[in-house]
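A.B. asks:
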Amino acid sequence: MKRIKICDITAPELIGSEVDVMGWVRTRRGNKHVQFIALNDGSTVNNLQVVVDLTKFDDEQLKPITTGASLHVTGTLVASQGRGQSVEVQATAITVLGTADDTYPMQKKGHTLEFLREKAHLRLRTNLFGAIFRIRHHLAFAIHKFFNDHGFFYLNTPLITASDAEGAGDMFRVSTLDPDDLPRTEDGHVDYSRDFFGKHTSLTVSGQLEGELGATALGAIYTFGPTFRAENSNTPRHLAEFWMIEPEASFIDITDNMDLAEEFIKYCISYALEHCHDDIAYLDDYHMNKAKDTQESLIERIEGVLKESFVRLTYTEGIDILKASGRKFEFPVEWGVDLQSEHERYLVEEHFHRPVILTDYPRDIKAFYMKQNEDGKTVRAMDVLFPQIGEIIGGSEREADYDKLLAEIERRNIPMKDMWWYLETRKFGTVPHSGFGLGFERLILFVTGMANIRDVIAFPRTPGNAEF
Ligand code: ATP
Ligand code: MN
Numbered sequence: 181m182k183r184i185k186i187c188d189i190t191a192p193e194l195i196g197s198e199v200d201v202m203g204w205v206r207t208r209r210g211n212k213h214v215q216f217i218a219l220n221d222g223s224t225v226n227n228l229q230v231v232v233d234l235t236k237f238d239d240e241q242l243k244p245i246t247t248g249a250s251l252h253v254t255g256t257l258v259a260s261q262g263r264g265q266s267v268e269v270q271a272t273a274i275t276v277l278g279t280a281d282d283t284y285p286m287q288k289k290g291h292t293l294e295f296l297r298e299k300a301h302l303r304l305r306t307n308l309f310g311a312i313f314r315i316r317h318h319l320a321f322a323i324h325k326f327f328n329d330h331g332f333f334y335l336n337t338p339l340i341t342a343s344d345a346e347g348a349g350d351m352f353r354v355s356t357l358d359p360d361d362l363p364r365t366e367d368g369h370v371d372y373s374r375d376f377f378g379k380h381t382s383l384t385v386s387g388q389l390e391g392e393l394g395a396t397a398l399g400a401i402y403t404f405g406p407t408f409r410a411e412n413s414n415t416p417r418h419l420a421e422f423w424m425i426e427p428e429a430s431f432i433d434i435t436d437n438m439d440l441a442e443e444f445i446k447y448c449i450s451y452a453l454e455h456c457h458d459d460i461a462y463l464d465d466y467h468m469n470k471a472k473d474t475q476e477s478l479i480e481r482i483e484g485v486l487k488e489s490f491v492r493l494t495y496t497e498g499i500d501i502l503k504a505s506g507r508k509f510e511f512p513v514e515w516g517v518d519l520q521s522e523h524e525r526y527l528v529e530e531h532f533h534r535p536v537i538l539t540d541y542p543r544d545i546k547a548f549y550m551k552q553n554e555d556g557k558t559v560r561a562m563d564v565l566f567p568q569i570g571e572i573i574g575g576s577e578r579e580a581d582y583d584k585l586l587a588e589i590e591r592r593n594i595p596m597k598d599m600w601w602y603l604e605t606r607k608f609g610t611v612p613h614s615g616f617g618l619g620f621e622r623l624i625l626f627v628t629g630m631a632n633i634r635d636v637i638a639f640p641r642t643p644g645n646a647e648f
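According to the working numbering, the sequence shown is numbered sequentially starting from 181.
(1) Quick one: what's got a C-beta closer than 7 Å to Leu463's C-beta in the same chain, skipping five residues either side?
(2) Could you name the residues of the same chain whose beta carbon sits closer than 8 Å to that of Gly516, not counting the 5 residues immediately before and after it, in chain order?
(3) How about Thr203 and Ile186: are their beta carbons less than 8 Å apart?
(4) What are the boundary residues of the alpha helix (DSSP H) that Arg606 is part of?
(5) Excluding the 5 residues preceding and the 5 following Lys325 in the sequence, name in chain order all residues of the same chain whose CB lies nearer than 8 Å to its CB.
(6) I want to check one thing, is the minimum distance from the CB of Arg622 to the heavy atoms of the ligand ATP below 7 Å?
(7) Report yes if the C-beta of Ile323 is less than 7 Å from at least one heavy atom of the ligand ATP; otherwise report no.
(8) Tell me the DSSP secondary structure of Glu426 in three-state form.
(9) Here's the rule: buried if 16 or more other CB atoms are within 10 angstroms of the residue's CB, otherwise exposed. What is Val513?
(10) Between the C-alpha atoms of Ala420 and Val564, what's the straight-line distance to the nearest angstrom?
(11) Is Asp555 helix, strand or coil by DSSP?
(12) How is Ser382 classed by DSSP in three states: helix, strand or coil?
(13) Any chance the segment 331 to 347 sits against the segment 379 to 395, with 3 or more Cβ pairs inside 8 Å?
(14) Leaving out five residues on either side along the sequence, give the residues of the same chain with a beta carbon under 7 Å from the beta carbon of Lys649.
(15) Could you name the residues that DSSP lists as bridge partners for Leu251?
(16) Taking the runs of the beta strand (DSSP E) that are 3 residues or longer, which of them lie wholly in the segment 210 to 265?
(17) Would DSSP call Gln649 helix, strand or coil?
(18) So, does the segment 315 to 330 touch the segment 367 to 376, judging by three or more C-beta pairs under 8 Å?
(19) Please report how far the alpha carbon of Gly255 lies from the alpha carbon of Ala271, in whole angstroms.
(20) Run through the DSSP bridge pairs and tell me what Gln270 is partnered with.
(21) Taking buried to mean at least 16 other C-beta atoms within 10 Å of its own C-beta, is Ser576 buried or exposed?
(22) Are there 16 or more other CB atoms within 10 angstroms of the CB of Lys288, so buried, or fewer, so exposed?
(23) Thinking C-alpha only, which one of Arg641, Glu647 and Pro285 is nearest Ala410?
(24) Where does Ala400 sit, in a helix, a strand or coil, going by DSSP?
(25) For the pair the segment 613 to 628 and the segment 289 to 297, tell me if three or more CB-CB distances fall below 8 Å.
(26) Say whether the segment 568 to 585 touches the segment 515 to 533, bearing in mind that this needs 3 or more beta-carbon pairs closer than 8 Å, one atom from each stretch.
(27) Please confirm if the segment 193 to 202 is in contact with the segment 233 to 243, defined as three or more CB-CB distances below 8 Å between the two stretches.
(28) Express the C-alpha separation of Ala400 and Ala429 in angstroms, rounding to a whole number.
(29) Can you give the Cα-Cα distance for Arg592 and His613, rounded to whole angstroms?
(30) Put Ile637 into one of helix, strand or coil per three-state DSSP.
(31) Can you tell me which of Glu588, Ala646, Ile624 and Ala587 puts its alpha carbon nearest to the alpha carbon of Ile425?
(32) Does the beta carbon of Glu577 fall short of 7 Å from some heavy atom of the ligand ATP?
(33) Starting from the Cα of His330, find the closest Cα among Val267, Asp282 and Pro427 and give me that residue.
(34) Does DSSP put Thr539 in a helix, a strand or coil?
(35) State the DSSP-derived secondary structure class of Met468, mapped to helix, strand or coil.
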């Protein structure tokens, strides 16, 4: 079968030739002389118009051609007379591959996003979700391309881990023990030595610690995989299962790390602008129609981020700005508090009007492995804050000094027996090194302009929801 994809059909040399297309019916309209079928095959947001001359087809044949049905259409490709498309197909033969009756839920436009989330098995067939998931694909490809071109090796770190020391979030237990009949130790605790791995294990919250083992051997690595956090917070920016990109490189300090993060994120965004033009334009229209008021368009917001360099300032300077703002925040600001997304967004959207990299956070609100500053109070952390999103990247220069790292682990009472392998990176040939984690879905939120993280992953996992 010489099927042609709809994304390829505008090639000028095809005009006048016979083509075979397959796809799903979006709409059908017309009169008793001619019918127009909008066909979409998922390869592009643009529908193909199929023109059906009713002198060549009878009613019985056309009856099953309803919204959602799948078709194989053969016809002649011609330049279109109508508005909205450059070419159309004049059908000579139509085979209905699969019918869809009027219980098909994606009948009409204008369903709410909440409704579509409940129909996540079919929402991919809408133009909106088609656009989002094509963009997601291209961003994933851009990420691999960026790191490959910069000499970073793709390292796959384990999803099942026995260390719960990272502290990035609550973890999901992985066990084959029978919860109704748990083996117990003499003192009454669950005996995990009888579990599958012979110890207590969980799903990983970050691949970083293993990533550092790779970076201190291969020089520079990145991970790109699923990450799990049992955060019982129902926010538009948190998932229980999300995808994270974690580059880690030896011989770079926090400034190099910030440069890398900025170059990387700008690369991904411009790659999407270049390769997802139709989908981003579709989303731009979608948001404009919804917002009504004349706000900044999606494309303007995206281009705005590319134009200027990110502002870099310390956490302490950030706190001073927030305190001087006179703004009443839900969570009051004081040196030492962890920033909430309302604070992050104030700095980005109202104070600086561009992305911000905040550095040198108080050590007690950051992880144990971050490089300690001379002041004894702060660490060389760097968070990248974005408009609409808040934190999109969290990273740091890592503590490379064995004694300092060990002292910090002890100060925090992190169980040492789990950390011996990590400490050996500092014991043998330690080097300055840095890295960061980018939440993939948060990047997609920014590029698509969607507001809820549940709408940029195909089958979201959140508290109380593991459907599909
Ligand atoms: P937040 O403060 O927003 O909860 P975090 O500080 O816990 O994030 P990190 O541990 O620094 O996050 O993780 C690195 C990146 O992973 C974050 O910058 C963010 O982009 C993303 N991320 C973290 N938690 C989630 C989540 N539950 N769902 C989706 N993305 C997340
Ligand atoms: Mn963080």
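Glycine residues also receive a C-beta, built at the ideal position from the N, C-alpha and C atoms. Because the structure is a prediction, the values reported are computed rather than measured.
C.D. replies: With the structure as the only source:
(1) For Leu463, the CB contacts under 7 Å within the same chain, skipping 5 residues up- and downstream, are Ala311, Leu478, Thr628 and Gly629 in chain order.
(2) The beta carbon of Gly516 lies closer than 8 Å to those of Pro542, Asp544 and Ile545 in the same chain, with the five residues before and after it left out.
(3) The displayed chain sequence assigns Gly, not Thr, to residue 203. Contact flag set, yes.
(4) Trp600 to Lys607
(5) Cβ neighbours of Lys325 beyond the five flanking positions: Tyr451.
(6) yes
(7) no
(8) Reduced to three states, the DSSP call for Glu426 is strand.
(9) buried
(10) 21 Å
(11) Here Asp555 carries a coil assignment [DSSP, helix/strand/coil].
(12) Note: Ser382 maps to strand in three-state DSSP.
(13) yes
(14) Given a span of 181 to 648 for the chain in the structure shown, any question on residue 649 remains unanswerable.
(15) Answer by DSSP bridge pairing, in chain order: Gly203 and Val276.
(16) 214 to 220, 228 to 233 and 250 to 259
(17) Examination of residue 649 is not possible in this model, given that the chain is present from 181 through 648 alone.
(18) Segment contact: the segment 315 to 330 against the segment 367 to 376, fewer than three CB-CB distances shorter than 8 Å; contact not assigned.
(19) Distance between the alpha carbons of Gly255 and Ala271: 4 Å.
(20) Val231 and Thr256
(21) So Ser576 counts as buried.
(22) With fewer than 16 neighbouring CB atoms inside 10 Å of its own CB, Lys288 falls in the exposed class.
(23) Arg641
(24) In the three-state DSSP reduction, Ala400 falls in the strand class (E or B).
(25) no
(26) Because the criterion of three Cβ pairs below 8 Å is met, the segment 568 to 585 and the segment 515 to 533 touch.
(27) no
(28) Those two C-alpha atoms are separated by around 4 Å.
(29) 22 Å
(30) Three-state result, Ile637: coil.
(31) Among Glu588, Ala646, Ile624 and Ala587, the Cα nearest to that of Ile425 belongs to Ile624.
(32) Not so, every heavy atom of the ligand ATP lies at least 7 Å from the Cβ.
(33) Pro427
(34) strand
(35) The answer is helix: DSSP assigns Met468 an H, G or I state.
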